Amino acid sequence: MAATRDEVIEKAARDLRIETGVDERFLPDLIFVMNELKRLGRIKDYKRVPDDQMPGKFARWDENDRLLYLSESTFRALDHPLKGSKKDRRRARFTAAHELAHVACEHEGVHDRDMRNTRRKDDTLRSQVWFDEVEANRFAAAFLVPAHLADPTKHVEDLADLFDVNDPVVTFRKPVLERMDRRARGDVPALPQSVVDLLRDAEKKGHKVISLRTEEERRRKKDKPPRK
Ligand SMILES: [Zn+2]
Numbered sequence: 236m237a238a239t240r241d242e243v244i245e246k247a248a249r250d251l252r253i254e255t256g257v258d259e260r261f262l263p264d265l266i267f268v269m270n271e272l273k274r275l276g277r278i279k280d281y282k283r284v285p286d287d288q289m290p291g292k293f294a295r296w297d298e299n300d301r302l303l304y305l306s307e308s309t310f311r312a313l314d315h316p317l318k319g320s321k322k323d324r325r326r327a328r329f330t331a332a333h334e335l336a337h338v339a340c341e342h343e344g345v346h347d348r349d350m351r352n353t354r355r356k357d358d359t360l361r362s363q364v365w366f367d368e369v370e371a372n373r374f375a376a377a378f379l380v381p382a383h384l385a386d387p388t389k390h391v392e393d394l395a396d397l398f399d400v401n402d403p404v405v406t407f408r409k410p411v412l413e414r415m416d417r418r419a420r421g422d423v424p425a426l427p428q429s430v431v432d433l434l435r436d437a438e439k440k441g442h443k444v445i446s447l448r449t450e451e452e453r454r455r456k457k458d459k460p461p462r463k
């Protein structure tokens, strides 16, 4: 069975956790992880940049010189986790994990992490930079809330506290965890009877309907009534 995009990103994030020795940690220290990446030669270094020299940005990855830049306030939120607000600390953790994605996924060129999640004019939905940014967010969520430690049935607030991320990260991550969990259990979601009827009509008219076979297979295996 070919891996889905979820699973590819999950594996990349897990590999980085294993490589930096934090695979079993619920709250990996992200400065430690960056130090490990430096020690392993994956990055040349990481730099702290005064906020006023990085206006409007939390971080930057420059693939050309393999340097990772963090704004001073982002670094401080990681280094003094109990001093600032919970929201800022959690945001800084996500920012750092997002930058790790650029390293792990070998994204090319320069990537800025803007404070406001705005798309630049040249960032169309199809641009490589935009694609990389989306992928880096998915990776960051997978790195911080890994499937092997996160129970997808837990509440958003519980997962947020367990992994020290802001609630929107869990809201974004939970459906992915649920999808992978269903897939791992070979559990295909049931089609409502009305949809099955429509598909059967379409098949009678000569259309090829693969999803109907999947549903029939699911019903044979599970012997469960479909959702109405
Ligand atoms: Zn980025």
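Each residue of the sequence shown is one higher than the one before, counting from 236 in this note's numbering. C-beta atoms are modelled at their ideal positions from N, C-alpha and C, and glycine is treated no differently. Fair warning: this is a prediction, and the values are worked out from it, not measured in the lab.
Euclidean distance between Cα positions of residue i and residue j
{"i": "L272", "j": "L335", "result": "9 Å"}
{"i": "A247", "j": "E254", "result": "10 Å"}
{"i": "R418", "j": "L412", "result": "10 Å"}
{"i": "L275", "j": "F398", "result": "25 Å"}
{"i": "A437", "j": "E392", "result": "44 Å"}
{"i": "L313", "j": "R324", "result": "6 Å"}
{"i": "R286", "j": "S308", "result": "Reading off the sequence shown, one finds Asp at residue 286, where the question assumed Arg. Each residue's Cα considered, the two are about 7 Å apart."}
{"i": "V243", "j": "C340", "result": "11 Å"}
{"i": "H447", "j": "S429", "result": "Going by the sequence as given, residue 447 is Leu instead of His. Roughly 12 Å between the two C-alpha positions."}
{"i": "R204", "j": "P316", "result": "Residue 204 lies beyond the range of the chain shown here (236 to 463); nothing can be said about it."}
{"i": "W296", "j": "H442", "result": "49 Å"}
{"i": "F261", "j": "R252", "result": "11 Å"}
{"i": "L434", "j": "Q363", "result": "37 Å"}
{"i": "K439", "j": "G421", "result": "29 Å"}
{"i": "I445", "j": "Q288", "result": "56 Å"}
{"i": "D416", "j": "D367", "result": "25 Å"}
{"i": "W365", "j": "D241", "result": "18 Å"}
Beta-carbon contacts of residue i that lie in its chain and below 6 Å, excluding the five residues immediately before and after
{"i": "Y281", "result": "M269 and L303"}
{"i": "A395", "result": "D402 and V405"}
Where residue i sits in the DSSP three-state scheme
{"i": "L305", "result": "strand"}
{"i": "D287", "result": "helix"}
{"i": "A419", "result": "helix"}
{"i": "A247", "result": "helix"}
{"i": "H337", "result": "helix"}
{"i": "K292", "result": "strand"}
{"i": "K440", "result": "coil"}
{"i": "D314", "result": "helix"}
{"i": "D323", "result": "helix"}
{"i": "D258", "result": "coil"}
{"i": "D264", "result": "coil"}
{"i": "V380", "result": "coil"}
{"i": "D386", "result": "coil"}
{"i": "D280", "result": "strand"}
{"i": "D300", "result": "coil"}
Whole-Å CB distance - residue i paired with residue j, under 8 Å assumed
{"i": "R348", "j": "V400", "result": "Incorrect: roughly 16 Å between the Cβ atoms, too far for contact."}
{"i": "R277", "j": "V338", "result": "6 Å"}
{"i": "V209", "j": "L379", "result": "Any answer about residue 209 is impossible in this case: the structure gives the chain only from 236 up to 463."}
{"i": "K279", "j": "R249", "result": "24 Å between Cβ atoms; not a contact."}
{"i": "E450", "j": "V431", "result": "6 Å"}
9 Å Cβ cutoff met for residue i and residue j
{"i": "V284", "j": "S320", "result": "no"}
{"i": "A382", "j": "A332", "result": "no"}
{"i": "T239", "j": "R454", "result": "no"}
{"i": "H342", "j": "A377", "result": "no"}
{"i": "A425", "j": "K456", "result": "no"}
{"i": "L384", "j": "E245", "result": "no"}
{"i": "P427", "j": "K409", "result": "no"}
{"i": "K318", "j": "R311", "result": "yes"}
Nonlocal neighbours in the same chain, by C-beta distance under 7 Å from residue i, ignoring five residues either side
{"i": "V257", "result": "P263 and V268"}
{"i": "F293", "result": "S306, T309, T330, R348 and M350"}
{"i": "L265", "result": "L313, R328, A331 and A332"}
{"i": "F407", "result": "A376"}
Residues of its chain near residue i, where Cβ-Cβ distance is below 8 Å and the 5 sequence neighbours each way are ignored
{"i": "S299", "result": "Correcting the residue type first, residue 299 is Asn in the shown sequence and not Ser. Correct list, in chain order: G344 and V345."}
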